[in-house]
Amino acid sequence: MGEKVRKALFQGWSRLVQEERGAQTLEYLALALLIVAILGVSASFAQGGSGVGDALADWFKAAIEKLKP
Numbered sequence: 002m003g004e005k006v007r008k009a010l011f012q013g014w015s016r017l018v019q020e021e022r023g024a025q026t027l028e029y030l031a032l033a034l035l036i037v038a039i040l041g042v043s044a045s046f047a048q049g050g051s052g053v054g055d056a057l058a059d060w061f062k063a064a065i066e067k068l069k070p
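In case it helps, this note's numbering puts the sequence shown at residues 2 to 70.
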């Protein structure tokens with residue numbers, strides 16, 4: 002009986018940790034999107050709108066790669 006309880010607790014803890022990581026990833030993704038939006042507005046004013054989309058796309062791809070486990 003003790004082994005079953007330990008196994009159930011471990012599985013529950015593992016599931017909780019995975020859900021927490023998922024929640025943190027979504028929070029970081031939301032923060033990255035906010036930063037991209039702010040930088041996009043700033044860059045479009047600074048550069049007159051030329052090449053901004055490509056630069057932001059590259060930056061966003063790099064940010065997503067850093068978030069991957």
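Glycine residues also receive a C-beta, built at the ideal position from the N, C-alpha and C atoms.
Practice problem: Closer than 8 angstroms by C-beta to methionine 2: which residues in its own chain qualify, once you throw out the five before and the five after it? Chain order, please. | Solution: Residue mapping note: residue 2 aligns to position 1 of the sequence shown, counting from 1. Low per-residue confidence applies at methionine 2: pLDDT is 46, beneath 50, and the placement is therefore not dependable, though the value from the model is reported in the following sentence. Cβ within range, chain order: n/a, list empty.
Quiz item: Ordered along the chain, which non-local residues of its own chain (more than five positions away) have a Cβ less than 8 angstroms from that of valine 37?
Solution: Taking the sequence shown and counting its residues from 1, the one referred to as residue 37 is at position 36. The answer, listed in chain order, is Leu57, Trp60, Phe61, Ala64.
Exercise. Give me the Cα-Cα distance between leucine 27 and phenylalanine 11, rounded to the nearest whole angstrom.
Key: Start at 1 with the first residue of the sequence shown, and residue 27 comes out as number 26. Start at 1 with the first residue of the sequence shown, and residue 11 comes out as number 10. Approximately 24 angstroms, taken between the alpha carbons.
Quiz item: What number of angstroms, rounded off, separates the C-alpha of glutamine 72 from the C-alpha of lysine 67?
Solution: Residue 72 falls outside the range modelled here, since the chain spans only 2 to 70, and no answer is possible.
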